[in-house]
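Q: Let me give you the structure first, and then I'll get to my questions.
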Amino acid sequence: MNPKSLLRWRFPLSGIPRTARGVTSAQSAPTLRAWYARIAHVYDAVVPYVSEEARTEALSRLDVTNGEQVLDLGTGTGLALLRLAGGNSKGWTEGVDLSTEMLRRARRRMERIPHARYGLRQADATSLPYPDDSFDVVYSSYLLDVLPPADRHEALQEMKRVLRSGGRVGAVTLTRPERALERLWVGMARALPFLAGGARPVTLRPSLQDTGFIVTDWSTHCQAGLRSAVYLATLG
15 MNPKSLLRWR FPLSGIPRTA RGVTSAQSAP TLRAWYARIA HVYDAVVPYV SEEARTEALS
75 RLDVTNGEQV LDLGTGTGLA LLRLAGGNSK GWTEGVDLST EMLRRARRRM ERIPHARYGL
135 RQADATSLPY PDDSFDVVYS SYLLDVLPPA DRHEALQEMK RVLRSGGRVG AVTLTRPERA
195 LERLWVGMAR ALPFLAGGAR PVTLRPSLQD TGFIVTDWST HCQAGLRSAV YLATLG
């Protein structure tokens with residue numbers, strides 16, 4: 015990405031509640047919905063440059079089997095959904111997001127594989143519209159690090175509820191920086207929240223374990239100065 019092009023962008027703040035303009039504190043669902051509607055047009059131009067390596071690692075390690083029922087929670091513009099559904103022609107892949115604008119862009123992306131078996135639905139991660147034990151796999155990238163702690167707890171409980179016994183979870187979040195340059199980038203992401211899609215560093219492993227998941231693997235990846243964590247877990 016050409017850094018000069020980033021400087022030419024104008025991030026529109028008009029119409030967004032003032033509390034939605036930064037990522038230093040987590041936001042309510044209505045605020046997040048408004049915020050993502052405003053950044054959807056720049057999301058794909060920026061976010062992959064700081065997140066693609068971690069997302070690719072998570073999807074590779076999750077190793078979805080063709081024929082499984084898969085939930086992509088917080089699908090956004092469908093960056094992961096395209097890969098999940100593309101290799102799951104005998105199963106079903108469901109993408110969920112709070113933002114209708116992000117879902118519209120995900121639907122457009124999925125036109126690349128017109129015969130894919132998938133669905134897109136607007137829903138809140140803290141109250142999913144699915145029966146218990148609906149999915150073999152739940153994947154989520156850069157959602158749990160956007161939610162406030164109470165909502166993150168509810169979202170994890172919902173992931174557990176809709177996941178079948180023995181099912182697998184793959185989650186990607188921003189994590190705490192380890193180097194000076196990474197700390198600088200975290201500060202920039204607070205000032206320019208679209209750089210990291212509104213996410214902020216969190217430590218997810220204790221929350222996964224407290225919810226009842228067994229964390230089977232954990233790794234970190236630094237791309238363009240932002241450090242992400244990849245968590246793999248199972249439901250016993």
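FYI, my numbering numbers position 191 of the sequence shown as 205, with every residue one higher than the one before it.
For glycine and all other residues, C-beta sits at the position ideal for the given N, C-alpha and C.
Small disclaimer: the values here were computed from a predicted structure and weren't measured.
1) One question on the structure: do Leu246 and Thr234 come within less than 8 angstroms of each other, judged by their Cβ atoms?
2) Mapping DSSP to helix, strand and coil, what is Arg121?
3) If you draw a straight line from the C-alpha of Arg166 to the C-alpha of Ser141, how long is it?
4) Going by Cα to Cα distance, which pick from Leu218, Leu98, Thr70, Arg119 is closest to Val152?
5) Checking the sheet assignment: what are the DSSP bridge partners for Arg241?
6) Just the C-alpha distance for Asn102 and Gly88, rounded to the nearest angstrom, thanks.
7) Contact defined as beta carbons within less than 8 angstroms: I believe Asp159 pairs with Thr187. What is the distance between those atoms, to the nearest angstrom?
8) Under the rule that 16 or more other beta-carbon atoms within 10 Å means buried, what is Arg119, buried or exposed?
9) What distance in whole Å lies between the Cβ atoms of Arg135 and Glu108, which are believed to be in contact at a cut-off of 8 angstroms?
10) Counting along the chain, where does the beta strand (DSSP E) carrying Ser221 start and finish?
11) Between the C-alpha atoms of Leu93 and Pro163, what's the straight-line distance to the nearest angstrom?
12) Between Trp232 and Arg123, what straight-line distance do the alpha-carbon atoms span, to the nearest angstrom?
13) Specify the secondary structure class of Val176 as computed by DSSP and reduced to three states.
14) If distances are taken between C-alpha atoms only, which option among Leu157, Ala238, Thr248 comes closest to Arg178?
15) Might you give, ordered along the chain, the residues of its own chain that have their beta carbon closer than 8 angstroms to the beta carbon of Leu222, omitting 5 neighbours on each side?
16) For Gln237, I'd like the list of residues in its chain whose CB is within less than 6 angstroms of its CB, leaving aside the five on either flank, ordered along the chain.
17) My assumption, with CB atoms under 8 angstroms, is that Gly90 sits in contact with Asp77. Please give the rounded CB distance.
18) For the putative contact between Glu172 and Ala139, defined by C-beta atoms under 8 angstroms, what is the C-beta separation to the nearest angstrom?
19) How is Val64 classed by DSSP in three states: helix, strand or coil?
A: Based on what the coordinates show:
1) no
2) helix
3) 11 angstroms
4) Leu98
5) Cys236
6) 19 angstroms
7) 4 angstroms
8) buried
9) 7 angstroms
10) No beta strand (DSSP E) contains Ser221, which is instead part of the alpha helix (DSSP H) from 219-225.
11) 25 angstroms
12) 29 angstroms
13) helix
14) Thr248
15) Leu170, Val183, Ala185, Val229, Tyr245, Ala247
16) Val64, Glu67
17) With 8 angstroms as the limit, Gly90 and Asp77 do not qualify as a contact, their Cβ atoms being about 22 angstroms apart.
18) 6 angstroms
19) helix
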